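Notes for the one structure printed next.
Protein chains in written order, with this note's numbering: chain A, 4 to 540; chain E, 53 to 368; chain X, -18 to 282.
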């Protein structure tokens, strides 16, 4: 007996020791592998081109990828840890005890590309444009800052945000990658100047933009952070065809593409280029939703909607679709792995998230029969974008077929799509949501009642849901907030099945192994200032 | 003759006007507009914002006012600004024009280099296996979708040669090698299709000319004379071939649309597809008008050529 | 055939006496004179056959997914392999011929017929009507086909019937222009003037005298259009503006997954493309031979 225990102890100690050794050698140390090398031009592909240069106005990542490096933000998401928020222009900040006053200290010595100094005035002018846009100026995200009462710039290096009520998501709201800081004097002269011109304080200076072809930026030698950026410059190539983008990576004509590729494309690249390719993957804060028109019979019946979600075998879907599309994780209202996401065991209790597909489908058929909708035929409207709308559309129709529903798909071109959704001319349609940062306020906003929120195409009113949203938005205690989010999720996806979540997107970025210092985040809008990026040769 | 030319020139104007108005109406009938395209999908959708932006583009004015504005601009040769980028349309088109023009010219060269010898050979060796092979080759050019050809080409490069063509367009004078290594492949894909029609025309034109009496007599007289006669035959057969080449040049633009997408070329075809998708009314209108103008002018030149080269033909 | 009494036509009489098989002889003559055209005809018949008998010859349901068999190469179980959803490629190609032929024939027929009627009417009435129609035709001809088709699809939406309409629209002016020139020639004929003098209504003259005489260019345009229509449908589907998933259609099958996975699963891109090419090829061959047979002078088309 003694001998056995002794032996077991020894074995255990060896295993533990080995494990610790493995952990230590494999632990990712931020840029401890090698010293950043200065120089080189980063070439990357961008799938779409920005219409204008004004970050306060546009909504496409086609703006962020080529233009974000020209500007600084007040706060930004940490390039190394996407769950943290750090200061960009803000050196430090304090929040008052009642949560109604946010005070930021702006760095000294920051200069715009034209040489003029950047002060709190510029920050105030930019945020005034975002939150309180004057007549004729479009600010597409001002609805996010309803809690802000006023912005003050009492001194050259101090900016204060005064709030109407304590907002738990204020800091992440201020870390929005869209909130470029513009020059106050320029804005005073012409509010629309920044739509067609670029002049910021970011790590790179604008060189040229040939429409349809490329955009070029060069290193800012007077950037406030000494030693950065490492790159001499960058070149953004506008390549709209997916195959051509992959071919560009394959032929080593571009270093990286910042949106995301499909799994098979990653496999092809790895097979072709081997060690010359590094792959980074992460869950993506984008998801396709199924919008159900509550004003059309029989979709006003909760049982029918629940049947629709019960019919979907999300786990099998995740397994098969992750091979051909950019989706993977089974998710609720928050990206799996983030602070407010529901744990998988809890999630499995919701309708349609269980592991027993047959039981769920049986329940779905029962509900349909009960509601008098067995063998229902309806039209599913989908958006004319190949990835991942097409494969998900095919999958959804296939799953609904399995519970006896006959579904016809109607594909509508992108430009006309939202008009259709907004006018309510649909039974069931594909909707989508992409966040620039994983934040419950942002991700849950859409599902509030349609009379409060025009981007809710489900056409329903649910006051309980609205109350839960408000409660979580003002809950400064994270544990309390989690509870409210959990209740919101259960009501939205299970009890009432107002909207259905399909599968969380999965971001796959295969890039040239020469690119270092860029860490993937759950959002393709984040970490695009490129100041930490360097090329190993 | 001069009356004829004048009449044709004058007739061009109402046709162009008709095209301008129709494309204007077509775009307005298509559901969705640029404001939808740019601002509709945000979660903080704001009806007020959309209305204001729409007013900014002048889209809230009555249709006839907008149309009048557009036509009046045309008269002053002012195409306006692109709704998507805000840049002058002249600039947007100028950037892509070089590439598309080069592609069109190269494709035409490929077509001519393929069609004339192949068509002549097929006619001279009529009903032999050479004739059949050439005819099958030509018809295959008509039948194969050019985008599929492009996909196959890319596949071939990747799998067999482990190489892809350059991604960014460099003008010919700046770096001829780079330019050609990018442009030759789409030129081949489009040119092959283009040559198909011309080759068939060459063949039947040659056949008809060869049947003429004077050719047959010359043949009977001996080989040396038949050589001279063959040159004669060629010259007379060229007329319908040139006609076809000229007419098809305008249709090239349709072929450019899909090809530029597959080969990722920053040309007018791609611009057109993108502009329609974005509902950039002004740009689409300008592009369609440009294409129509090219088509009408080319038609006109071909007709003139016809009249000039063959005095037997006279139009009332 | 009208009875002929001349002795030089004795051989014709003999073939007449041969009875019902004389059309087989005619067919044989056609095949030997224009072997390429005959080959085209055979392929067309095969296509039509596969479209009509699709439920009997297709091994699988074209909509049935089988995720376990995703991306499988051509094997005994799936002769042409499977696509990204495990759907059998052979079955989808067979059923795809239905879509191709439906769209091809419908739009070609509608386009050619409407165009022909327009051309003939315009030629017959002449004067200001002719001028206006001519201008309109000129205007629509100035639009590249794909642009008109794009516009119509954008207005009407996707789906088979809308695609048919989208492809029909650009074909009408094409046919109108060609048929009009033939009709103009017929209109000059003395018997048309005689008919008018006799007081026959324009409808009767158009339908009984002019239309039959423009049959040749009409038929030729028709066969040419079918091939073009199939190609156009493929292009529209490729651009995402044609038939919608999960309907099997050749152009649709070349889109998206086929291109993305072209390297690891080339059969997804090769076979539908081959089907399109073969179909259009056959119609072109047949149309060529038809043109040669009907009137060699019409080679300018």
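The beta-carbon is built from N, C-alpha and C at its ideal position, and this holds for glycine as well. This one's a predicted model, so the numbers in the text were calculated from it and none came from an experiment.
Exposure of residue i, with buried meaning 16 or more beta-carbon neighbours within 10 Å
i	result
residue 112 of chain X	exposed
residue 125 of chain A	buried
residue 254 of chain X	buried
residue 197 of chain A	buried
residue 180 of chain E	exposed
residue 355 of chain A	buried
residue 473 of chain A	exposed
residue 29 of chain A	Note that residue 29 of chain A has pLDDT 43, beneath the 50 cutoff, so the model's placement of it is unreliable and no number is given.
residue 66 of chain E	exposed
residue 154 of chain E	buried
DSSP state of residue i mapped onto helix, strand, coil
i	result
residue 381 of chain A	strand
residue 464 of chain A	coil
residue 27 of chain A	A caution first: residue 27 of chain A carries a pLDDT of 45, below 50, which makes its placement in the model too unreliable to give a value.
residue 610 of chain A	As shown, chain A starts at 4 and ends at 540. That puts residue 610 of chain A outside it, with no answer to give.
residue 398 of chain A	helix
residue 350 of chain A	helix
residue 69 of chain X	strand
residue 80 of chain A	strand
residue 547 of chain A	This structure leaves residue 547 of chain A out entirely; chain A is present only between 4 and 540.
residue 34 of chain A	At residue 34 of chain A, the pLDDT of 44 sits below 50, so the modelled position is not reliable; the number obtained from the coordinates is stated separately. Coil at residue 34 of chain A, not helix or strand.
residue 536 of chain A	coil
residue 301 of chain E	helix
residue 51 of chain X	coil
residue 423 of chain A	helix
residue 156 of chain A	strand
Residues bridged to residue i [DSSP beta-bridge criterion]
i	result
residue 220 of chain A	A/209 and A/237
residue 434 of chain A	A/292
residue 293 of chain E	Answer is none; residue 293 of chain E lacks a bridge partner.
residue 106 of chain A	A/97 and A/163
residue 411 of chain A	A/382
residue 389 of chain A	Answer is none; residue 389 of chain A lacks a bridge partner.
residue 89 of chain A	A/79
residue 504 of chain A	A/292
residue 531 of chain A	Answer is none; residue 531 of chain A lacks a bridge partner.
residue 281 of chain A	A/514
Proximity of residue i and residue j at Cβ, strictly below 8 Å
i	j	result
residue 203 of chain E	residue 240 of chain X	yes
residue 507 of chain A	residue 328 of chain A	no
residue 116 of chain A	residue 223 of chain A	yes
residue 216 of chain X	residue 310 of chain E	yes
residue 399 of chain A	residue 383 of chain A	yes
residue 227 of chain X	residue 76 of chain X	no
residue 314 of chain A	residue 367 of chain A	yes
residue 350 of chain E	residue 298 of chain E	yes
residue 30 of chain E	residue 76 of chain E	In the structure as shown, chain E begins at 53 and stops at 368. Residue 30 of chain E is therefore absent and cannot be evaluated.
Within-8 Å CB hit, residue i to chain C
i	result
residue 207 of chain E	Protein chains in the displayed structure are A, E and X, and chain C is not among them.
The ligand PLP heavy atom lying under 7 Å from the CB of residue i
i	result
residue 162 of chain X	This structure lacks the ligand PLP; in fact it carries no ligand of any kind.
Task: Residues of the region 130 to 164 of chain E whose Cβ lies closer than 7 Å to any Cβ of chain A, in chain order - done: 136, 137, 138, 139, 144, 147 and 148
Task: Proximal residues, the region 28 to 47 of chain X versus chain A, C-beta separation under 7 Å - done: Under the 7 Å Cβ criterion, the region 28 to 47 of chain X contributes 46.
Task: chain X contacts from the region 416 to 432 of chain A (Cβ-Cβ distance under 7 Å) - done: In summary, the residues of the region 416 to 432 of chain A whose CB is separated from some CB of chain X by less than 7 Å are 416, in the order they occur in the chain.
Task: Cβ-based contacts, 7 Å cut-off: residues of the region 64 to 84 of chain E near chain A - done: 83 and 84
- [ ] Taking only beta carbons into account, state which residues of the region 209 to 220 of chain X come closer than 8 Å to chain E, listed in chain order.
- [x] In summary, the residues of the region 209 to 220 of chain X whose CB is separated from some CB of chain E by less than 8 Å are 212, 215, 216, 219 and 220, in the order they occur in the chain.
Task: Chain-ordered residues of the region 194 to 218 of chain E with a beta carbon less than 8 Å from chain X - done: 194, 195, 196, 197, 199, 200, 203, 204, 206, 207, 210 and 211
- [ ] With 7 Å as the C-beta to C-beta threshold (strictly closer), list the residues of the region 231 to 251 of chain X near chain E in chain order.
- [x] 235, 240, 243, 244, 247 and 250
Open item on the list: If the cut-off is 7 Å on Cβ atoms, which residues from the region 440 to 465 of chain A count as contacting chain E, listed in chain order?
Closed with: 448, 449, 457 and 458
TODO: For the region 266 to 287 of chain A, enumerate the residues whose C-beta is nearer than 9 Å to any C-beta of chain X, in chain order.
DONE: 267, 268, 270, 271, 274 and 275
Task: Contact list for the region 221 to 254 of chain A against chain E, Cβ threshold 9 Å - done: 238, 240, 241, 242, 243, 244, 246, 247, 248, 250, 251, 253 and 254
Task: Against chain E: residues of the region 186 to 217 of chain A by CB proximity under 9 Å - done: 198, 199, 213, 214, 215, 216 and 217
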